[in-house]
Amino acid sequence: MNETLLQQLLYNSGDAFLPEKIKQLLSTDFIGSSKKTFYVSGWSIVHFMNGIIIGYLYLYFNWDRRLYMLKLFIIHIFWELWETILGMSKPYNLTGRGNIIDMIMDTLFFMLGAYILRSYYKQSM
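Counting in our numbering, the sequence shown runs from 89 upward without gaps.
(1) From residue 174 to residue 147, what distance separates their C-alpha atoms?
(2) Let me see if you follow: with CB-CB separation under 7 Å, is residue 126 close to chain D or not?
(3) Ignore the nearest five residues each way along the sequence and tell me which others in residue 152's own chain have a CB closer than 6 Å to its CB.
(4) Tell me which residues share the same chain as residue 168 and place their Cβ nearer than 6 Å to its Cβ, disregarding the 5 neighbours each side in the sequence.
(5) With DSSP run on the structure shown, which of helix, strand or coil describes residue 120?
(6) Just curious, the beta strand (DSSP E) that residue 129 is in, first and last residue?
(7) Select from 124, 116, 163, 107 the residue whose C-alpha is nearest the C-alpha of residue 145.
So, in structure tokens, the structure goes:
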């Protein structure tokens, strides 16, 4: 396989091979501004929904519930590291370097989705 093709496939794996128009829509800032520090974008909603989906799968397969939040946190941290390794981490526009704020916000939204799902799941039992 051509090395540039492999690099492109790996890079695109970070956004699930989404079409460019959808990536642009998801990059829209709803609160704040990605040109500054704090912001909430369409990607925040994607992370929130992924927390719900992955949390549901975790509970559906009845894995160890005592460490639910810790394990989902670790899963998401690995995802953020994967994006960083691929060079997909959004740079902080004022410095041009990696944006720790983006990673923190993505993780918070993911964990919020997982927490809400777990709370709902407990109530429905």
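We put the beta carbon where it would ideally sit given N, CA and C, even for glycine. Quantities reported herein were computed from a predicted structural model and do not represent experimental measurements.
According to the structure shown:
(1) 30 Å
(2) No chain D appears in the structure shown, which is made up of a single protein chain.
(3) none
(4) 191
(5) strand
(6) 127–129
(7) 163
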